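See structure below.
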Ligand code: FAD
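Numbering (UniProt numbering), first residue to last: 2 to 479.
Dropping the structure here:
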């Protein structure tokens with residue numbers, strides 16, 4: 002028999018349940034990737050994610066070819082492509098690993114029903130999560146809206162006891178005459194102007210890169226994760242997010258490594274596992290509240306008075322020219338590497354949604370295009386959490402002060418000096434508030450405000466008051 006394996010965002014050969022099922026079914030396998038970004042609606046992969054996808058497909062394709070079952074790449078619509086490949090190969094079975102974005106769930110359901118009607122055996126599996134989003138619910142059978150009870154319930158159901166499945170064997174039973182394929186290059190995923198050198202210098206997309214990132218983290222940073230995770234100037238976190246998003250590694254594999262490290266790194270491991278818990282929570286919310294990528298979960302926020310869009314310095318925010326050093330460092334790190342430290346994601350998002358009172362969705366869309374780890378579940382949760390309008394969100398009145406945040410979490414200034422080099426010579430105590438530095442200090446550091454670095458685009462105290470006043474407007478509503 003022949004089994005078609007439809008690869009999507011599960012671009013790995015280890016712990017891949019669809020692949021293992023295909024092998025256990027016996028016979029030959031046909032690995033397939035279908036390029037159909039339009040089927041993801043307004044959340045088709047952004048520019049940075051397309052860059053990643055290109056390299057990840059190359060890595061997967063190389064590995065599959067080495068093992069004897071080359072990857073066949075086709076263009077969508079997915080259903081048409083699958084039906085054509087079933088005809089061309091004579092496959093009797095189609096398998097894949099599930100995704101949880103609302104548009105993709107709808108598409109997959111339709112395809113599953115259509116293929117089954119044609120007499121094919123169709124099966125889907127969980128490769129992306131520790132627990133399926135529908136497996137966890139509160140006592141009244143409702144989805145959770147608060148993280149702590151969600152994670153407690155997930156753990157009670159065995160989230161931390163999930164172990165990875167077997168890896169694929171060194172030789173895979175591919176078809177002897179595999180159907181024709183497009184090349185990865187033909188999908189035109191790479192940028193036409195070369196802004197991607199910083200990405201290439203930072204990342205190694207693909208399963209081998211994911212494995213190395215996890216090993217490096219377990220060896221160097223896991224033990225100290227609960228202290229190191231909030232310091233953007235250090236490599237204190239795993240940087241696994243793009244690898245997890247594209248399924249080059251799965252959470253069960255990460256869990257297995259953490260569990261082994263538990264004795265030597267207990268505090269770090271527990272904290273890190275709860276971050277994997279946030280990833281699960283994000284998927285739980287997206288699954289149960291599929292409207293949230295564009296609408297606040299807390300509907301009162303639909304009426305929050307916003308700033309006049311002509312007065313929001315959105316371009317300055319995007320390009321790291323706000324005059325607030327930690328914000329600018331973050332936005333430049335994002336532009337250069339396709340990733341930003343979590344603490345700084347919160348600070349930059351708070352500035353945009355609260356001090357500048359721009360719609361959170363505009364920020365979410367900019368992140369969507371520039372993050373290599375852009376993920377509909379995590380990005381929606383992160384933006385709504387920071388904007389105060391999501392599940393278990395930071396209370397609206399908690400407005401991050403970027404100066405105090407910088408002084409606390411980047412006290413020695415490593416992060417700002419790296420990404421805002423024009424301020425590098427300023428002494429620590431002026432680094433996060435250069436506009437307050439005496440003229441002589443600025444001169445000695447070679448900084449001319451206005452010429453080298455802007456003054457703040459917003460008055461932090463005044464804009465904080467305005468944000469709180471806007472909130473008063475909706476607070477009393479039910
Ligand atoms: P680690 O600290 O090593 O954490 C390990 C893993 O846990 C991460 O790789 C990630 O998969 C998961 N995780 C950690 N924190 C969160 C969280 N708060 N929510 C969900 N999952 C989490 N994460 C994305 O993967 N994609 C996004 O598009 C995204 N957008 C965000 C937008 C905003 C405004 C904010 C505040 C956060 C966003 N995050 C997003 C969450 C978080 O910032 C990143 O997951 C994290 O910085 C990735 O770095 P890491 O792999 O080193 O994380």
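For every residue, glycine included, the Cβ atom is placed at its ideal position computed from N, Cα and C.
Just so it is clear, the structure is predicted and the values come from calculations on it, not from any experiment.
Measure the beta-carbon distance from residue 211 to residue 176 and round it to whole angstroms, keeping in mind my assumption that it falls under 8 Å.
That pair is no contact at about 27 Å.
Give a yes or no on whether the C-beta atoms belonging to residue 269 and residue 223 are separated by under 8 Å.
Closer than 8 Å, so yes.
Quick check: is any heavy atom of ligand 1 less than 7 Å from the C-beta of residue 277?
Yes, the Cβ of residue 277 comes within 7 Å of a heavy atom of ligand 1.
Grouping DSSP H, G and I as helix and E and B as strand, with all else coil, what is residue 226?
It is helical.
On a Cα-Cα basis, can you pick out the residue from 306, 253, 157, 455 that is closest to residue 318?
Of the listed residues, the one whose Cα sits closest to residue 318 is 455.
If you measure from the CB of residue 346, is any heavy atom of ligand 1 nearer than 7 Å?
Yes - ligand 1 has a heavy atom lying nearer than 7 Å to the Cβ of residue 346.
Check each candidate in 390, 352, 238 and name the one with the smallest Cα separation from residue 467.
Minimum Cα distance to residue 467 is reached at 352.
Residue 95 lies in the beta strand (DSSP E); which residues open and close that run?
Start and end: 94-98.
Measuring straight from C-alpha to C-alpha, what distance separates residue 273 and residue 220?
Roughly 14 Å separates the two Cα atoms.
If you follow the beta strand (DSSP E) that residue 5 is in, where does it begin and where does it stop?
3-8 is the extent of the beta strand (DSSP E) around residue 5.
Within the same chain, show all residues whose beta-carbon is closer than 7 Å to that of residue 167, passing over the 5 residues directly before and after it, in chain order.
21.
At what residue ranges does the segment 374-433 contain a whole run of the beta strand (DSSP E), taking only runs of 3 or more?
The segment 374-433 contains no whole beta strand (DSSP E) run of 3 or more residues.
Compute every distance between the C-beta of residue 242 and the non-hydrogen atoms of ligand 1, then say whether any falls below 7 Å.
Yes, since a heavy atom of ligand 1 falls inside the 7 Å radius drawn around the Cβ of residue 242.
Flag this pair as yes or no: are the beta carbons of residue 294 and residue 215 separated by less than 8 Å?
Contact: no.
Since residue 101 sits in a beta bridge, which residues does DSSP pair it with?
According to DSSP, which records beta bridges pairwise, residue 101 is partnered with nothing at all.
Is the CB-CB distance between residue 301 and residue 478 below 8 Å?
Yes, Cβ-Cβ distance for residue 301 and residue 478 is below 8 Å.
Which residue or residues does DSSP assign as beta-bridge partners of residue 74?
DSSP output for residue 74 lists 34 as bridge partner(s).
Name the residue from 439, 129, 373 whose alpha carbon lies nearest to the alpha carbon of residue 200.
Nearest C-alpha to residue 200: 373.
Just verifying my parser: in three-state terms, what is the DSSP assignment at residue 39?
Residue 39: helix per DSSP, three-state reduction.
Any heavy atom of ligand 1 closer than 7 Å to the beta-carbon of residue 358?
Every heavy atom of ligand 1 is 7 Å or more from the Cβ of residue 358, so no.
Cβ-heavy atom distance between residue 343 and ligand 1 below 7 Å?
Yes, since a heavy atom of ligand 1 falls inside the 7 Å radius drawn around the Cβ of residue 343.
Starting from residue 124, trace the beta strand (DSSP E) in both directions and tell me its first and last residue.
Run containing residue 124: 122-126, per the beta strand (DSSP E) assignment.
Quick check on DSSP: helix, strand or coil for residue 334?
In the structure shown, residue 334 sits in a helix (DSSP, three-state: H, G or I).
Might you give, ordered along the chain, the residues of its own chain that have their beta carbon closer than 6 Å to the beta carbon of residue 342, omitting 5 neighbours on each side?
So the qualifying residues of the chain are 233.
Any heavy atom of ligand 1 closer than 7 Å to the CB of residue 5?
Outside the cutoff, so no.
Under the rule that 16 or more other beta-carbon atoms within 10 Å means buried, what is residue 411, buried or exposed?
When all chains shown are included, residue 411 counts as buried.
Note down, in chain order, each residue of its chain lying with its Cβ closer than 7 Å to the Cβ of residue 285, except the 5 sequence neighbours on either side.
Once the five neighbours on either side are set aside, the close Cβ partners of residue 285 are 134, 137, 144, 145, 151.
What is the residue span of the alpha helix (DSSP H) that residue 286 lies within?
Counting along the chain, the alpha helix (DSSP H) containing residue 286 begins and ends at 267-289.
Report buried or exposed for residue 436, applying the criterion of at least 16 other Cβ atoms within 10 angstroms of its Cβ.
Classification for residue 436: exposed.
Would the segment 94-105 count as touching the segment 63-78 if we require 3 or more Cβ pairs under 8 Å?
Contact fails: fewer than three Cβ-Cβ distances are below 8 Å.
Between residue 232 and chain B, is there a C-beta pair that is closer than 8 Å?
Protein chains in the displayed structure number just one, and chain B is not present.
For residue 179, verify whether its CB is less than 7 Å away from any heavy atom of ligand 1.
For ligand 1, not one heavy atom lies less than 7 Å from the Cβ of residue 179.
Residue 338 and residue 203 - do their beta-carbons sit closer together than 8 Å?
Their beta carbons are under 8 Å apart, which means residue 203 touches residue 338 by this criterion.
So is the beta-carbon of residue 225 under 7 Å away from any non-hydrogen atom of ligand 1?
Every heavy atom of ligand 1 is 7 Å or more from the Cβ of residue 225, so no.
Short check: CB of residue 33 to CB of residue 86, under 8 Å?
Contact: yes.
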